[in-house]
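Numbered by full-length UniProt numbering, the letters in the sequence shown go through residues 1 to 488 in order.
No residue lacks a Cβ here, since even glycine has one placed at the ideal position from N, Cα and C.
It should be emphasised that the depicted structure is a prediction, and the values quoted were computed from it without experimental measurement.
In what follows, a single structure is set out as structure tokens and then discussed.
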Amino acid sequence: MSHKPFRHLLGASVLALAGLACEDDPVLPDADYALTHVTVIDATGGPPRPDMTVLIRDERIVELRPSKDVELPEELKTVDLQGRYLIPGLADMHIHTQDMEQVFPLLHVVNGVTTVREMDGTPFALEWRRKIEQGQLLGPRMVLGSPIIDGTPSLWQNSPVPHIAVRDEAEARARVREAKSQGYDFIKVYSRLSREAYFGIADEAKQLGIPFAGHVPDRVTNAEALEAGQASFEHLYGVMYETSSEEAALRERVASITLRPGTITGYNTWFQQTHAVEWDAARTYSPGKGLRLFGQFARSPSANVPTLAMHDVLDRPMDLRMEDDRLKYLPVSTVEGWKWQLETIYLEGRSEEESTRRRELFQRRLALVGEMHRAGVRILAGTDSTTPWVFPGFSLHDELALLVQAGLTPLEAIQAATLEPARFLGREHELGTVEKGKAADLVVLDANPLDDIRNTTRIHSVVVRGRYISEEERRNMLLDLETLAKQL
């Protein structure tokens, strides 16, 4: 399936610069400022390049040269970054902005997240993106999915989570047309869709030239979804069933899942039942079936977004640090809602035996991602913020660390949040690497992330859409966010 429909998604194109100096031309192009003496980790796969100078003008990198070869005019604003490391701006390919509209743009930016993919769009998100693109608001580039399209009853029935429940194929097709007309960039499919509704969405989306992505519904296999053209697969849903030697029996159990109508715990009942099936699937894993499925993924243009940061919380909520320092940047109402979700949805009725199993299940998820990666499956970094204790901006760095724990190298983990999202979105000519001509979305680090992936959290400064946010400005932004959170 082609992903050309994604090529227009990241907002207004950055203006191309005419008349740039060629490599051998000693005359430097005009620049707004220069980042000097920095080690560049460009995410192309090449080795780090020490002592480089990066010139930025009009939101674009206009020059990238060894500092010894650059004589800068005195009037140019320069930033000496000796001893520091420069990587591309990061992309979180699975976020939700629910209840955090006031703080989410800056929470991402101060954490070096310069591109996000919203998986549950709203009219508010459409307006927010417009303001960011027009320069009225500082924030990341935004790719917007439609509101969740789920079956009936939806997992989020009677809940405040925005969603659309469709009863049949006709309703599903109508919702695709509606989302397209409203300006969303792709269709978000969900877990309880019927087969008829799901394949109706796939066909309607293909006819309209809009991608669809999200959950693989309970009644659809990953292999069928690949064949239908699903662009991305979230949370590893269904992968464990499909790689089990007992797949048929497990799918019968999944098909028999029922939700309790008239309550706000539909997600909870589904969650508890599916994870019991996943536990049995993990214990009956078939390496041969795994290789076949992963080969199908690897041969397709589709991507997997495992959201290990989300699974880490939901599998192991009993191990969370309840007084996490990052909570101070979130609205009080959000923190209270998170605590309610943990207690009501994820911890209610959980026995010590189940907790032990779930810790083991999380280790199996890590191993599964490692196997998929080694088989050539495209992996994208995504967090599923705002799941409780999955923090906008901050938790992308947790995801990178978990990807390394799963078996990716630090460079491969960085590429899962830079180069690979750019390729997936069809924007590799503009985003995802530190190269001349690319958009100036950059992160400056105080330590080498290739030595320790956790060094991506040691952020010195950020460049977003060509705007340099200094160490002092970033620190003040965090203080302002803390103050704002107390008022919301």
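Quick check on residue i: buried or exposed, where buried means 16 or more other Cβ atoms within 10 Å of its Cβ?
{"i": "F124", "result": "exposed"}
{"i": "T409", "result": "exposed"}
{"i": "E482", "result": "exposed"}
{"i": "M142", "result": "buried"}
{"i": "L347", "result": "exposed"}
{"i": "S470", "result": "exposed"}
{"i": "D25", "result": "Below a pLDDT of 50, predicted positions are generally treated as unreliable, and D25, at 44, falls in that range; no measurement from the model is reported."}
{"i": "R359", "result": "exposed"}
{"i": "L479", "result": "exposed"}
{"i": "P287", "result": "exposed"}
{"i": "E255", "result": "It is Ala, not Glu, that sits at residue 255 in the sequence shown. So A255 counts as exposed."}
{"i": "V464", "result": "buried"}
In the DSSP assignment, find the beta strand (DSSP E) that holds residue i and state where it starts and stops.
{"i": "R57", "result": "49 to 57"}
{"i": "M119", "result": "No beta strand (DSSP E) contains M119, which DSSP labels as neither H nor E."}
{"i": "P66", "result": "60 to 66"}
{"i": "E234", "result": "232 to 234"}
{"i": "I414", "result": "Looking at the DSSP string, I414 is not in any beta strand (DSSP E); the run it does join, the alpha helix (DSSP H), is 410 to 415."}
{"i": "R253", "result": "Unbroken run through R253 is the alpha helix (DSSP H), 247 to 255; no beta strand (DSSP E)."}
{"i": "Y241", "result": "Looking at the DSSP string, Y241 is not in any beta strand (DSSP E); the run it does join, the alpha helix (DSSP H), is 239 to 242."}
{"i": "F394", "result": "Not the beta strand (DSSP E): F394 falls in the alpha helix (DSSP H), residues 394 to 406."}
{"i": "M142", "result": "141 to 144"}
{"i": "V443", "result": "442 to 445"}
Expressed to the nearest angstrom, what Euclidean distance is found between the alpha-carbon atoms of residue i and residue j?
{"i": "P388", "j": "L72", "result": "48 Å"}
{"i": "D69", "j": "R458", "result": "29 Å"}
{"i": "A21", "j": "P47", "result": "Any answer about A21 is weak, because its pLDDT of 31 lies below 50 and its placement is not dependable; what the coordinates show is given next. Answer to the nearest angstrom: the Cα atoms are 25 Å apart."}
{"i": "residue 493", "j": "L35", "result": "No information on residue 493 is available, as it lies outside the stretch 1 to 488 that the chain covers here."}
{"i": "L320", "j": "V313", "result": "7 Å"}
{"i": "L17", "j": "M322", "result": "In this prediction, L17 scores a pLDDT of 23, lower than 50, which makes its location untrustworthy; the coordinate-derived value is nonetheless stated afterwards. Taking the straight line from one Cα to the other gives about 49 Å."}
{"i": "E23", "j": "K436", "result": "Reliability of the predicted coordinates at E23 is poor, the pLDDT of 39 falling under 50, and no value is obtained from them."}
{"i": "E196", "j": "A228", "result": "12 Å"}
{"i": "P217", "j": "E412", "result": "29 Å"}
{"i": "S194", "j": "P147", "result": "17 Å"}
{"i": "K486", "j": "L330", "result": "8 Å"}
{"i": "G295", "j": "H397", "result": "28 Å"}
{"i": "L208", "j": "L445", "result": "42 Å"}
{"i": "F212", "j": "T386", "result": "21 Å"}
{"i": "R427", "j": "R378", "result": "16 Å"}
{"i": "V369", "j": "L76", "result": "46 Å"}
{"i": "P29", "j": "E74", "result": "15 Å"}
{"i": "G183", "j": "Q82", "result": "44 Å"}
Starting from residue i, trace the alpha helix (DSSP H) in both directions and tell me its first and last residue.
{"i": "S181", "result": "169 to 182"}
{"i": "I201", "result": "195 to 208"}
{"i": "L425", "result": "Run containing L425: none; DSSP gives neither H nor E here."}
{"i": "K339", "result": "332 to 341"}
{"i": "S300", "result": "Run containing S300: none; DSSP gives neither H nor E here."}
{"i": "T44", "result": "Neither: T44 is in no alpha helix (DSSP H) and is coded neither H nor E."}
{"i": "T356", "result": "352 to 374"}
{"i": "L90", "result": "From DSSP, L90 is part of no alpha helix (DSSP H) but of the beta strand (DSSP E) over 90 to 95."}
{"i": "R467", "result": "Where R467 is concerned, there is no enclosing alpha helix (DSSP H), although the beta strand (DSSP E) it sits in stretches over 467 to 469."}
{"i": "D312", "result": "308 to 315"}
Is the separation between the beta-carbon of residue i and that of residue j shorter than 7 Å?
{"i": "V161", "j": "R175", "result": "no"}
{"i": "G121", "j": "G139", "result": "no"}
{"i": "S300", "j": "L226", "result": "yes"}
{"i": "I41", "j": "I87", "result": "yes"}
{"i": "I453", "j": "L380", "result": "no"}
{"i": "S191", "j": "H215", "result": "yes"}
{"i": "H37", "j": "D51", "result": "yes"}
{"i": "I132", "j": "A440", "result": "no"}
Would you grab the beta carbon distance between residue i and residue j for me? Rounded to a whole angstrom, and I think it's under 8 Å.
{"i": "E242", "j": "K289", "result": "7 Å"}
{"i": "D185", "j": "G382", "result": "With 8 Å as the limit, D185 and G382 do not qualify as a contact, their Cβ atoms being about 15 Å apart."}
{"i": "L137", "j": "G112", "result": "Going by Cβ atoms, the distance from L137 to G112 rounds to 18 Å, so no, they are not a contact pair."}
{"i": "R326", "j": "F362", "result": "The Cβ separation is near 21 Å, so there is no contact."}
With hydrogens ignored, establish whether the beta-carbon of residue i is closer than 6 Å to any heavy atom of the ligand ADP.
{"i": "V216", "result": "This structure lacks the ligand ADP, and indeed carries no ligand of any kind."}
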